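Residue numbers (the working numbering): 275 to 336.
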């Protein structure tokens, strides 16, 4: 179960990076949409990975 969420976090992180890079090469009117979406996806990915790393650490400590 945890591996599934960990993979989801990694996918969100990768999608965020791709979206961010696309935002750099697109015209100005699309740039803000892609850059903001990329930042949002990166943040969600980091939060999901961080939560499950903490949960795994707590499980392994017991």
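Cβ coordinates follow ideal geometry from the N, Cα and C atoms, glycine included. None of these values were measured; they are calculated from a predicted model.
Simplified DSSP assignment, three categories, for residue i
i           : result
residue 300 : coil
Within 9 Å, strictly: CB atoms of residue i and residue j
i           : j           : result
residue 282 : residue 321 : no
residue 307 : residue 297 : yes
Q. Given 8 Å as the limit, is there contact between the stretch 285-293 and the stretch 308-315, that is, 3 or more CB pairs closer than that?
A. The stretch 285-293 vs the stretch 308-315: in contact.
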